[in-house]
Each structure stands twice: as C-alpha cells, then as structure tokens.
Amino acid sequence: MNQISASPTAHVRADLKRIAGWIEPGSRVLDLGCGDGTLLAHLQNSKQCVGAGVELSDQQVIACVRRGVRVIQQNLEEGLALFDDHQFDTVVLSRTLQSMHNTERILREMARVARYGIVSFPNFGYWPHGWSILGGRMPVTGEMPYQWYDTPNIHLCTLRDFEDLAGSLSLRITHVATFKEDKEVKLLPGWRSTLAVYRFESGS
Amino acid sequence: MAIDTSLYADTAAKTIPSPDTSIPPGSVGLVAPELIRFDEPLKLTSGQILPQYELAVETYGELNAERSNAVLICHALNASHHVAGMSADNPRDVGWWDNMVGPGKAVDTDRYFVIGVNNIGSCFGSTGPASINPATGRPWGAAFPVLTVEDWVRAQARLADYFGIECFAAVMGGSLGGMQALSWAITCPTRLRHCVVIASTPRLSAQNIGFNEVARRSIISDPDFHGGDYYEKGVVPAHGLSVARMIGHITYLSDETMAQRFGRQQRAPGQGGEFHYGYDVEFEVESYLRYQGEKFSRYFDANTYLLITRALDYFDPSRNCGGDLARALKPAEADFLLVSFTTDWRFPPERSREIVRSLLKNKSAVTYAEIDAPHGHDAFLLDDARYHAVVQGYFDRMASSLGLPGRSRTMGVLA
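As structure tokens, this is what we get:
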C-alpha cells in the first residue's frame with residue numbers, strides 16, 4: 000500500500016518530542032510549516048490532540064493528507080488570516096522563523112491565534128560559527144547547511160536576540176530547550192547548542 | 000416513497016464486458032445508464048412542485064454489505080451521470096471524470112461504490128425542460144420549474160434512499176458539483192462522512208452572474224428560442240446557445256492557457272501574413288470558440304443552460320444567515336477536502352479560502368490544497384499529478400478510516 004505509516008512509534012526527533020511534551024493532551028494545535036505532518040501525527044496519535052497544519056510545498060501537503068493530518072496549503076508570509084483569534088491552544092513554528100521575511104508579524108499572528116506559542120530556530124551563536132567567521136567564512140553547519148548565496152535563512156539570531164524580540168512583543172517565555180543534533184544541551188547553551196526551542200505565552 | 004423501478008429493471012447500469020472493444024487499464028469499462036423513476040412529488044425551493052421525475056444514473060464498483068463505501072459524484076454545468084468509463088452505445092464517449100474515477104484511480108472503484116447522477120433539469124436523461132409534462136402531454140419547455148442546488152440535493156438524497164445508502168463515504172464535486180457537495184454537508188449533515196469540494200465557491204460574484212446573464216440573453220434573444228417552447232416548432236436556438244457556450248468557455252480557461260494555445264495566431268492569413276480586414280474568423284482563438292460553441296449547441300439543451308446558470312446564481316447558503324458563511328456551515332459534520340487552482344479566475348482560490356476560513360472557525364475538520372496549475376477553472380478536469388495525489392491520498396485515508404481494504408493498484412494519472 001502506497002501510504003506513509005503514521006504509527007506513534009515512528010521516530011520523532013528530540014526537539015519535536017520536547018515540543019510535544021509541552022503540549023497538553025487533547026488540546027488544539029496549529030503547526031505552521033508542518034512539513035510532512037510528523038509532529039501533528041504524533042500529537043494526534045499519542046496525545047489525542049486536534050491538529051491542523053499549514054504548509055506550502057505540494058509534496059509535503061500530499062504527505063500530510065496521506066497520513067491523515069489536516070493541512071491547509073498556504074504561504075505563511077501571507078499571514079494567518081484564515082485563522083480566528085484564539086482558535087488554538089498552542090501554535091508551533093518549527094525551524095521556519097529564520098526563513099521568514101516578516102519575523103515580527105508571524106510572532107504577533109501566533110500570539111493572536113493561540114495562547115501558547117512554540118518556536119524553534121538554528122542558534123547562530125553556536126561557537127563554531129564564530130570560529131568560521133574569524134576564519135573569514137560564513138558558517139555552514141548541520142542546522143544551517145547552506146552557502147550564504149543560496150540559503151533560505153534570512154533572519155538568523157542567537158538565543159539572547161530572540162529573547163529580546165519576544166520581550167518587545169510581550170511574549171512571556173515559559174520554557175526553553177536547546178539541542179545539538181539529537182541531544183539536549185544544558186551547559187552553556189548559547190554557545191553549545193545548534194537548535195533552540197522556546198515556548199511562550201502571549202500577554203492577553 | 001413510491002419508486003417504480005420495474006419498468007427499468009433490465010436497463011440497470013452495469014459494467015458490460017465486450018470482447019470487441021478494448022478497455023484501457025484503469026477504466027471501469029463499458030457502462031450504460033439506469034433510469035430511476037420517483038413518483039413522490041418533489042417540493043422545490045421556488046414553491047413549485049415537480050409531480051414526478053426520473054434520474055439517469057450510472058454506478059461503478061460494488062456497494063459493500065455495510066453500505067459504507069458509497070461515493071456520490073455531483074456534476075457541473077454541462078456534464079452528466081456519465082462520470083467514468085465508456086458508453087456502451089458509443090465507446091468513444093468517455094466519462095467526464097474518467098481520469099479521477101476507476102479501478103486503481105484516485106476514487107478507486109476497486110473499493111468504492113461510485114454513483115454518477117444526472118440532475119433534474121438537465122438534458123442527458125433525467126427529467127428536464129425537454130421531457131413531457133404529464134399535465135399537458137407536451138414538452139415542459141418554459142413551464143419547467145426553476146431548480147436550485149438544494150433541490151438537486153433533495154433529489155439526490157432520495158436516490159441515496161433508493162440504493163439504501165444511509166450515509167455516503169463521500170459526496171464530491173467540482174465547480175457547481177462542489178456547491179452540491181457543500182449543500183449536502185449543510186442540509187443532510189448526517190448522511191455524508193466526507194465532503195470533497197473542488198474549484199468551487201460559496202456563492203457567485205457579480206462578475207460570475209454577469210457572465211451567466213450575457214449567456215442567457217444570448218439564448219433568449221435567439222429568434223428560434225420562442226420563449227422556451229421551441230421543441231414543438233422543430234427548431235433549437237442553436238445560435239444563441241453556441242454564443243452562450245463561447246462566453247462560458249472563455250471563463251473556464253486562464254489567460255495563460257489561451258495565450259499559449261492560440262496567442263494571436265491567425266487562422267488563414269492572407270499573403271505575407273496579411274489580415275483580411277473583415278469580420279469572419281481571423282484568429283485561431285475565434286475559430287476554436289466557434290467550433291466549441293457549435294459542437295455544444297448540437298448536444299446541449301438551451302433551456303437546461305438557462306436553468307443551470309440560474310441555479311448557479313441562486314446558490315448562497317449564507318443568504319439565510321445574514322451572509323455569515325460560518326453560521327451557514329454550522330450544521331456540517333463531515334470531514335472536508337477543498338482544492339482550488341491558482342489560475343482559476345472563475346472561482347478563484349480566495350473563494351475556497353472563504354469556505355476554509357468558515358470551517359476552521361466552526362472547528363470543522365478541513366484539508367485545503369491550492370494547486371499552482373496554469374489551466375484555469377478547467378484544471379479540475381485535467382491530469383495534474385499533485386491534484387490527483389491529494390485526492391487519492393484523501394480517499395485512501397478515508398478507506399482506512401472506514402475499514403475498507405487498502406489500495407491494490409494505482410492506475411491513471413498517478414500510475
């Protein structure tokens with residue numbers, strides 16, 4: 000049968016597992032840039048969440064449909080006009096923030112459609128990046144595997160940079176987790192992690 | 000409900016094996032329509048009553064014992080019950096959605112029982128303006144009542160009763176067919192599990208109605224129209240109907256498609272590519288539209304064109320909810336799939352998004368694909384692998400949720 004398995008035992012990356020851990024069972028979840036629907040399928044199957052995804056790529060939309068994940072095909076840059084205020088409990092933006100043109104707008108929109116927001120992004124402060132720049136080159140690493148001229152990542156930031164922006168948008172950070180490859184990093188995460196995941200609560 | 004089917008018992012729609020016609024793989028094969036008669040009067044939205052009527056129907060695949068695998072396909076303006084396969088009496092007459100419906104296709108007749116139904120008012124076998132009015136013994140003509148999408152759905156629901164189908168696995172349609180699917184979800188919420196609405200809209204825009212009106216005026220002002228009672232005069236308003244079709248046809252194609260297919264190419268240029276400086280066909284596109292119009296006017300009925308364009312105009316489920324589509328969709332319980340096409344300027348993606356937004360607001364289950372295809376409104380009938388993969392993925396998922404068997408083969412667009 001030409002179908003992708005959506006079994007709850009399928010491998011889920013450590014950061015997605017952590018994100019899932021921050022989401023209440025049975026809650027309503029919107030996953031922005033949901034890819035092939037791995038996270039939503041996991042949340043539906045193991046936490047009885049009611050989910051919807053937003054995805055632009057045709058192939059990813061098809062993958063979502065095949066695994067029974069509800070998906071809306073649209074470009075996130077167009078905003079979240081399809082979604083009402085507080086329509087969801089949690090909204091997730093995984094590994095996408097850094098490639099969006101209008102970073103502030105999407106964060107504000109997330110705060111509008113759900114009480115809790117979760118974002119993950121590559122940590123530009125990862126120490127080998129500095130080493131690379133000292134050597135006269137733009138960094139190219141696991142979470143950021145692109146050359147400077149063909150990267151979709153146009154808004155890179157460090158952990159502190161993000162925390163400042165969240166503060167200025169009145170997003171109250173409730174949880175942080177940091178990863179290097181598939182392992183959690185607890186010591187000096189600003190330097191040692193390649194991926195940061197934040198959960199925040201919006202003011203109102 | 001009084002249904003007299005005895006008259007038609009031996010014309011039942013079945014796949015008829017024939018040794019002399021080769022059946023392409025993925026085709027349901029040779030098919031013939033079944034005429035089903037309903038003697039219980041149908042009360043119409045207009046207040047009029049249709050005393051009795053017949054529906055032309057084709058079916059493909061087998062209804063399972065639980066009657067849980069039935070899919071109803073609703074047709075658009077100029078189509079019919081002949082959704083898939085080849086007509087037994089003319090194997091070159093292939094169903095209008097044959098690329099979508101068949102064994103191993105997106106709507107897989109190995110597992111689903113698919114019903115194609117011709118709507119009342121149409122001209123392909125179901126009761127319509129050209130049928131005999133039992134009260135007068137003459138063709139209905141102008142006296143045939145105006146129908147709405149809701150009326151069609153009511154008649155289709157009786158057809159479901161006839162087949163003993165309590166709840167469809169899915170009701171599906173493109174364009175005007177999508178409106179019927181949407182109306183099913185609103186008016187018969189417990190009778191469908193999935194609602195598939197493709198290249199459709201929750202209501203026509205002023206521009207859409209404008210195009211319809213031009214088409215209708217073209218028919219009505221044809222001297223052969225005779226106020227709609229042309230059947231007994233032995234004429235048809237072929238000229239008006241063909242112009243109506245030409246207008247409609249333009250709205251089905253994208254600017255891009257027309258530019259690519261015809262551009263400014265001349266039909267029969269004079270010496271050195273010179274124009275003829277007259278009003279005969281000069282450009283290829285004119286020749287094409289005239290051909291399409293004339294072809295259409297030979298097989299389609301003008302009164303049906305009026306009736307169906309009017310049904311399109313009237314469709315607006317939000318009308319009784321102060322224009323609030325979300326409120327209109329509140330009763331819906333189905334799981335929805337919507338698909339639109341980026342270059343469709345007849346029913347553009349924004350119209351589908353309006354439905355999606357309303358469904359999301361109601362916390363209804365909805366999946367929406369916006370296919371970046373160059374073919375305009377017509378795209379819903381064409382072979383587009385992404386579009387077909389979305390529909391196939393959706394129906395395969397549906398099959399597993401209904402406990403139907405898995406797909407055993409992939410045929411057609413995705414083969």
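If you're matching them up, the sequences are chains A and B in order. Take numbering that gives the first Met the number 0: the final residue in the first sequence is number 203, and no numbers are missing along the way. Take numbering that gives the first Met the number 0: the final residue in the second sequence is number 414, and no numbers are missing along the way. Quick reminder that beta carbons are idealized off the backbone N, C-alpha and C, glycines included.
- Close CB contacts of residue 353 (chain B) within its chain, under the 7 Å cut and outside five residues either way in sequence, are with 201, 324 (chain order).
- Pairing residue 288 (chain B) with residue 322 (chain B), the inter-Cα distance amounts to about 37 Å.
- Spanning the alpha carbons of residue 269 (chain B) and residue 248 (chain B) requires a straight line of approximately 28 Å.
- Taken in chain order, the members of the region 70-86 of chain A whose beta-carbon sits within less than 8 Å of a beta-carbon on chain B are 70, 71, 72, 73, 80, 81, 82, 83, 86.
- In the DSSP assignment, residue 193 (chain B) forms a beta bridge with B:169, B:334.
- Taken in chain order, the complete beta strand (DSSP E) segments of 3 residues or longer contained in the region 291-352 of chain B are 334-340.
- For residue 31 (chain A), the enclosing beta strand (DSSP E) begins and ends at 27-31.
- With a contact defined as Cβ atoms closer than 8 Å, residue 84 (chain B) and residue 59 (chain B) qualify at about 7 Å.
- Taking 7 Å as the Cβ-Cβ cut-off, the region 365-385 of chain B approaches chain A at 365, 366, 367, 368, 369, 385, given in chain order.
- Taking the CA atoms as reference points, residue 274 (chain B) sits about 12 Å from residue 263 (chain B).
- The beta carbon of residue 172 (chain A) sits no closer than 9 Å to any beta carbon of chain B.
- Remark: C-beta atoms of residue 246 (chain B) and residue 214 (chain B) approach each other more closely than 9 Å.
- The C-beta of residue 110 (chain A) comes no closer than 9 Å to any C-beta of chain B.
- The region 295-314 of chain B and the region 336-348 of chain B do not touch, with fewer than three beta-carbon pairs separated by less than 8 Å.
- DSSP, reduced to helix, strand and coil, places residue 230 (chain B) within a helical segment of the structure shown.
- Against residue 132 (chain A), chain B offers no close residue; the least beta-carbon distance is about 38 Å (beta-carbon pairs closer than 9 Å).
- Judged by DSSP secondary structure, residue 215 (chain B) falls within the alpha helix (DSSP H) whose first and last residues are 205-219.
- Straight-line spacing of the CA atoms in residue 151 (chain B) and residue 385 (chain B) works out to 31 Å.
- With 16 or more other Cβ atoms from the protein chains shown falling within 10 Å of its own Cβ, residue 104 (chain B) counts as buried.
- Secondary structure at residue 250 (chain B): helix, using DSSP grouped into helix, strand and coil.
- Runs of the beta strand (DSSP E) lying entirely within the region 59-110 of chain B, each at least 3 residues long, are 69-73, 89-93 in chain order.
- Note: residue 112 (chain B) is bridge-paired with B:69 in the DSSP secondary-structure output.
- Comparing alpha carbon positions, the residue from B:343, B:88, B:305 closest to residue 147 (chain B) is B:305.
- DSSP places residue 16 (chain A) in no beta strand (DSSP E) but in the uninterrupted alpha helix (DSSP H) bounded by 13-20.
- Not a single C-beta of chain B is nearer than 9 Å to the C-beta of residue 48 (chain A).
- Under DSSP, residue 285 (chain B) shares a beta bridge with no residue.
- Shown here for residue 22 (chain B): same chain residues with a beta carbon closer than 6 Å to its own, the five before and five after excluded, namely 28 in chain order.
- Between the alpha carbons of residue 188 (chain A) and residue 99 (chain B) lies a gap of roughly 53 Å.
- Assignment of beta-bridge partners to residue 71 (chain A) by DSSP yields A:53, B:367.
- For residue 195 (chain B), the number of other beta carbons within 10 angstroms of its own is at least 16, and it is reported as buried.
- In the structure shown, residue 362 (chain B) adopts coil according to DSSP, grouped into three states.
- Within the region 100-179 of chain A, the runs of alpha helix (DSSP H) that reach at least 4 residues and sit entirely inside it are, in chain order, 102-112, 126-133, 158-167.
- Secondary structure of residue 96 (chain A) (DSSP, three-state): helix.
- Using beta-carbon distances, residue 359 (chain B) counts as an interface residue toward chain A, with a partner under 9 Å.
- Within chain A, 61, 64, 65 have C-beta atoms less than 7 Å from the C-beta of residue 392 (chain B), given in sequence order.
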